[in-house]
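Peer 1: In our numbering, the protein residues as written are 187 to 488. Mind having a look at this structure? Questions to follow.
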């Protein structure tokens, strides 16, 4: 993801920050009219989140229970996505796998964006030697290939879900902090920040009242455009055997074990998780792009 379009989303700022809640309904309607693909993607994501949240109600079978049907049975009216080699219902495992993937993806995204906001805001606003040392630390951390970084953390801590979120979140936070830092440096030079400083406002007050509200649009865009990549990263770790440990269903684990081994004899074991992963990544990316375009003031005035 390039930084220029994201930084443009925070241009045209004012000292007042985000709009009030009273315009939320009209904003949603306008978003749907201006960005139909983004609105459709938002609906898809809402359905996925609700399905994952209400998985106990939605799924017909226990996802880890064996022999709920014949082994390697193709899709039919009883088992929509067929069964795997243990006779487990694939549809139930896909829905529960969505819970795992969304939990890891959203958790790592929120942790990463929070870390990026704190690191980027402090580094960009205070500047000086602190900024120099923080940026050199980021340079060193980013010099490590992402996969090596993630595997190293999980080898030390272990492949638990919480540690996967921590590893993905830390790596994401370091990468995104540069974007936040650049935006904060731009805001720091604005007249309203200089005016607040001349009236004796402390650095903490300026950051809380003037800087952070004006990077809110940037933060929203970062969240919406990052989550898809982290869901793929979790699936990749599961595929390599470092993801969410079994018997918890995950899309990457299904691709690694069932899909890879039985892709010729039972192709639905590969197609179902691959389609689910593709759908959620496509929806998050399209929604993120639409949200970025809608938050760009040049496009709002077009």
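C-beta atoms are modelled at their ideal positions from N, C-alpha and C, and glycine is treated no differently.
Can at least three beta-carbon pairs, one atom from the stretch 209-225 and one from the stretch 250-270, be found at a separation below 8 Å?
Peer 2: Too few Cβ pairs lie closer than 8 Å, so no.
Peer 1: According to DSSP, is residue 537 part of a helix, a strand, or is it coil?
Peer 2: Within the shown structure, residues of the chain are numbered from 187 to 488, placing residue 537 beyond reach of any answer.
Peer 1: If you compare alpha carbons, which of 291, 330, 262 is closest to residue 467?
Peer 2: Of the listed residues, the one whose Cα sits closest to residue 467 is 291.
Peer 1: Could you have a look at residue 475 and say whether DSSP puts it in helix, strand or coil?
Peer 2: Residue 475 falls in the helix class under three-state DSSP.
Peer 1: Can you give the Cα-Cα distance for residue 474 and residue 411, rounded to whole angstroms?
Peer 2: C-alpha separation (whole angstroms): 5 Å.
Peer 1: Can you tell me which of the three DSSP states residue 275 falls into?
Peer 2: Reduced to three states, the DSSP call for residue 275 is strand.
Peer 1: Along the chain, where does the alpha helix (DSSP H) containing residue 319 start, and where does it finish?
Peer 2: Element bounds for residue 319: 314-329.
Peer 1: Check residue 247 in the structure and name its three-state DSSP category.
Peer 2: Coil at residue 247, not helix or strand.
Peer 1: Taking Cβ positions, are residue 443 and residue 401 nearer each other than 8 Å?
Peer 2: In this structure, residue 401 does not lie closer than 8 Å to residue 443 by Cβ.
Peer 1: On the DSSP letters alone, give me the boundaries of the alpha helix (DSSP H) that residue 380 sits inside.
Peer 2: Per DSSP, residue 380 belongs to the alpha helix (DSSP H) from 377-384.
Peer 1: Could you spell out where the alpha helix (DSSP H) holding residue 357 opens and where it closes?
Peer 2: From DSSP, the alpha helix (DSSP H) with residue 357 extends over 347-374.
Peer 1: Classify residue 285: buried if its beta carbon has 16 or more other beta carbons within 10 angstroms, exposed otherwise.
Peer 2: So residue 285 counts as buried.
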